[in-house]
Amino acid sequence: METEKKMLDKKALRKEMSRCRNRLNYGEILRSSQRIFDRLCQHDIFRQAPVVYSYSSFRSEVDTREVNRRILADGKILALPKVLSKERMEFYRIESMEQLVEGYMGILEPGPDCLPMNFCQSGLIIVPGLAFDRRFYRLGYGGGYYDRYLSGCPLHSCGVAFDFQMLEQVPCETVDYPLDYIATETKLMERMSGK
Numbered sequence: 001m002e003t004e005k006k007m008l009d010k011k012a013l014r015k016e017m018s019r020c021r022n023r024l025n026y027g028e029i030l031r032s033s034q035r036i037f038d039r040l041c042q043h044d045i046f047r048q049a050p051v052v053y054s055y056s057s058f059r060s061e062v063d064t065r066e067v068n069r070r071i072l073a074d075g076k077i078l079a080l081p082k083v084l085s086k087e088r089m090e091f092y093r094i095e096s097m098e099q100l101v102e103g104y105m106g107i108l109e110p111g112p113d114c115l116p117m118n119f120c121q122s123g124l125i126i127v128p129g130l131a132f133d134r135r136f137y138r139l140g141y142g143g144g145y146y147d148r149y150l151s152g153c154p155l156h157s158c159g160v161a162f163d164f165q166m167l168e169q170v171p172c173e174t175v176d177y178p179l180d181y182i183a184t185e186t187k188l189m190e191r192m193s194g195k
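For what it's worth, the working numbering labels the leading residue of the sequence shown as 1, then goes sequentially.
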């Protein structure tokens with residue numbers, strides 16, 4: 001019964017947070033995303049990361065196009081995810097944004113000429129989501145891809161969110177994985193218990 005209630009709570013919250021995020025216009029998304037990544041890129045977790053596992057933003061997500069270009073321009077290794085099945089997502093090395101092709105749900109992902117990354121090389125993983133909380137849990141889209149990837153991974157993880165996506169608490173379960181950092185337009189928060 002408790003699990004059913006959590007699933008309903010998650011579904012309702014996903015719908016509400018998607019609705020809120022979709023109200024942002026393109027200019028607001030770009031300006032806010034720039035502020036989020038300016039904040040993150042100044043922090044040691046980004047500056048010292050030899051590899052950055054990012055994502056290809058989709059619709060009203062925090063926009064990653066500029067930061068992905070910056071990662072490449074800074075000489076860091078950029079890895080982006082590719083959904084391989086309903087249960088599995090893997091990261092592939094990107095050397096040029098031209099290597100991206102339309103994939104799952106129309107999201108740009110690494111093309112056939114991109115090489116897979118060794119599982120969890122050291123670095124930073126930037127994680128999208130619909131809502132985040134002060135305990136560093138996130139509400140994703142329901143596929144569990146990032147929680148599964150992060151569960152066996154030594155990477156530092158950083159959620160990126162618009163300020164309004166920060167909530168007191170999001171519903172979570174034992175399979176949900178807390179992040180190490182969350183960056184918004186106005187702050188970068190660090191979970192004290194770390195890895």
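Every residue, glycine too, gets a C-beta built ideally from N, C-alpha and C. Computed from a predicted structure; not experimentally measured.
Considering only the beta carbon of each residue, do residue i and residue j sit closer than 8 Å?
i	j	result
Tyr-215	Met-189	The structure shown has nothing for residue 215, since the chain only spans 1 to 195.
Leu-78	Ile-94	yes
Leu-124	Phe-37	no
Lys-15	Pro-50	no
Glu-168	Arg-134	yes
Ser-96	Leu-80	no
Arg-21	Phe-162	yes
Ala-183	Met-17	no
How many Å lie between residue i and residue j at the Cα?
i	j	result
Ser-60	Leu-30	10 Å
Gly-144	Val-52	20 Å
Lys-10	Val-160	19 Å
Lys-5	Ser-151	Because the pLDDT at Lys-5 is just 48, under 50, the model does not fix this residue reliably, and the value given afterwards should be weighed accordingly. So the alpha carbons of these two residues sit roughly 24 Å apart.
Tyr-137	Ser-32	21 Å
Arg-148	Gln-99	26 Å
Gly-111	Val-101	5 Å
Lys-86	Leu-115	21 Å
Could you tell me which residues DSSP puts in a beta bridge with residue i?
i	result
Ala-131	Leu-139
Leu-80	Tyr-92
Val-51	Ile-77
Met-105	Met-105 pairs with nothing; no bridge assigned.
Determine the extent of the beta strand (DSSP E) in which residue i is found, giving its start and end residues.
i	result
Glu-66	Here Glu-66 belongs to no beta strand (DSSP E); instead the alpha helix (DSSP H) covers 65–73.
Glu-87	Unbroken run through Glu-87: none, as it is neither H nor E.
Leu-188	188–190
So the alpha helix (DSSP H) residue i belongs to, where does it begin and stop?
i	result
Glu-28	26–41
Counting only runs that start and end within the region 140–179, where is the beta strand (DSSP E) found for 3 or more residues in a row? 156–160
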